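See below for the structure under consideration.
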Amino acid sequence: MTNKTQIIIAGAGPVGCVVGLILARAGISVTILETENDLIPELRASTFHPPTLDMLDELGVTPKLIDQGLITPKIQYRDLEVGLVAEFDHALIDDRTKHPYRLQCEQFKLTRIIAEMLKEFPHAEISFDSKYVDASQTDNAVRVFYETPAGSEQVTCDYLIGADGSRSEVRKSQKIEFQGFTYPEQFVTVSVPEDVDKIVPGMGHVCYIAHPTQWCALIHAPDYWRFLFPIPMETTKEEAFDDEFLEGRLQHLAPHQERYAIQLRTLYGVNQRVAETYRLGRILLAGDSAHVNNPLGGMGMNGGIHDGVNLADKLVRIYEGGETEELLNLYDRQRRPIAIEYVQAQTMRNKKNLEETDPNIRRQRQDELRDVAKNVEKSRELLLQTSMISGLERSEAIT
Ligand SMILES: Cc1cc2nc3c(=O)[nH]c(=O)nc-3n(C[C@H](O)[C@H](O)[C@H](O)COP(=O)(O)OP(=O)(O)OC[C@H]3O[C@@H](n4cnc5c(N)ncnc54)[C@H](O)[C@@H]3O)c2cc1C
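This is how it looks when you write it as structure tokens:
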């Protein structure tokens, strides 16, 4: 690593990579410290919302993602016992976005695309096998301590960005609290190669299926259809991944005459948490290090990328336009309340709607969705909300 790096980012996940690319394009020297020896290849998030695609388009990334992704214009709401309740087409909001659809594309494809693009910039680097450990700061600089296989290293930079995920060492080392709660259940994802829309005719490519105990989010990613559902916290990984258990769940959700050819399974605990601040002097948090939420609605990675773009644009303005660091307080003021009032609230509501146990409330929710689907203005409102456009507009209006 050179000793001229202006900005250090901890973490080469989707957020760290997007921030790195924006800074590199603006001529700012940037080093991304990544603890692993390569980009993380796991499936994880796979939904890109319209405004995220609009932002990534400005960076020349969206066409590359589209090449490797699956365009899904519609989202569906179902009830396991009732069937289809309502369907909404993003075409209704094509006046508010250049990309009126969700793009299903695994997050590792985004990081690989950006890592390749970063190679064009001699002043940008991803430093693998480099684990952020600690940082101290003065009024003018941040000293970052990190570990490599060769031993402990340190580097001085202007700003440090913690994009090192939910267990962020940047956040912990700066003693920033991560306020919120952990859900009492775990989430399982199961990926199958079968075309579920042929097994259950009309099944949507993004589909939320309500049921008091067996609710599910079903997503058609480019190579697989992916079921996500809850299981009790006390279930062991062995039990959760048991072939018969999973087969039973899938058959209940989408009855098939044959056995499903399950390819991938993941199990993880889910939190709803937001950092008490996104800025501590010259140290900033973005993405999962700043906020985590349940995956219902696909808002975690998208919200993180929105943080990253907001923050990187402000840093570029500080370097290029001589604007003051007060802009970094504006980053905190714009992004943190949106994480709480919009993303946290919406994802918790999504989960509550899916798992509702009271039959009357369930029916009422279905009637509401049917009413919304019949009304163009209400449908637009729902889509602007679910695609995160409303939240972003609210965030940008904060001064
Ligand atoms: C197992 C799992 C499954 C998920 N599934 C879904 C899903 O189905 N749908 C959905 O919407 N979202 C899902 N998410 C959430 C989604 O993946 C995140 O919202 C998204 O990855 C956030 O991006 P990020 O860049 O902020 O953090 P991350 O993607 O976590 O990236 C952080 C990066 O920092 C690196 N790092 C960590 N510590 C250090 C350190 N000390 N020094 C240097 N580097 C470090 C990590 O190796 C990683 O590369 C899932 C998350 C997990 C963990």
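Under the numbering used here, the first residue of the sequence shown is numbered 66, with each subsequent residue one higher.
From the three backbone atoms N, C-alpha and C, an ideal C-beta is built for every residue, glycine too.
These numbers come from a predicted model, not from an experiment.
- The distance from the Cβ of L88 to that of V339 is about 25 Å, inconsistent with a contact at the 8 Å cut-off.
- In the three-state reduction of the DSSP assignment, E101 falls in the coil class, being assigned neither a helical nor a strand state.
- When the beta-carbon positions are compared, Q202 and R347 come within less than 8 Å of each other.
- DSSP, read as helix, strand or coil, puts D397 in helix.
- Here Y142 has V150, A151, Y273, L434 as same chain residues with Cβ atoms under 6 Å from its own Cβ, once five neighbours each way along the sequence are excluded.
- For V80, the shortest separation between its Cβ and any heavy atom of ligand 1 lies below 7 Å.
- Every alpha helix (DSSP H) stretch that sits fully inside the segment 393-456 and reaches 4 residues is listed by chain position as 410-420, 424-439, 441-451.
- Shortest gap from the CB of K196 to any heavy atom of ligand 1: under 7 Å.
- For A305, the distance from the CB to the nearest heavy atom of ligand 1 is not below 7 Å.
- The C-alpha of L361 lies about 36 Å from the C-alpha of E212.
- Q322 carries a coil assignment under DSSP once its states are collapsed to helix, strand and coil.
- Taking 7 Å as the cut-off, one finds no heavy atom of ligand 1 near enough to the beta carbon of T451.
- Between V80 and A351 a beta carbon distance of about 5 Å is seen, short of the 8 Å cut, so the two are scored as contacting.
- A Cβ-Cβ contact shorter than 8 Å links A228 with G78.
- For I179, the uninterrupted alpha helix (DSSP H) segment begins and ends at 172-183.
- The residue from V261, P266, S231 with its alpha-carbon nearest to that of H356 is S231.
- Straight through space, the alpha carbons of S354 and F243 are spaced by roughly 9 Å.
- Fewer than three pairs of CB atoms, one per stretch, sit closer than 8 Å, so the segment 295-305 makes no contact with the segment 166-186.
- Shortest gap from the CB of A77 to any heavy atom of ligand 1: under 7 Å.
- A heavy atom of ligand 1 is found nearer than 7 Å to the CB of Y333.
- Annotated three-state conformation of L124 is coil, per DSSP.
- Between ligand 1 and the CB of I426, the shortest heavy atom gap is not smaller than 7 Å.
- Taking all protein chains shown into account, H285 has 16 or more neighbouring C-beta atoms within 10 Å of its C-beta and is therefore buried.
- Per DSSP, reduced to three states, the secondary structure at R143 is strand.
- Per DSSP, reduced to three states, the secondary structure at N336 is strand.
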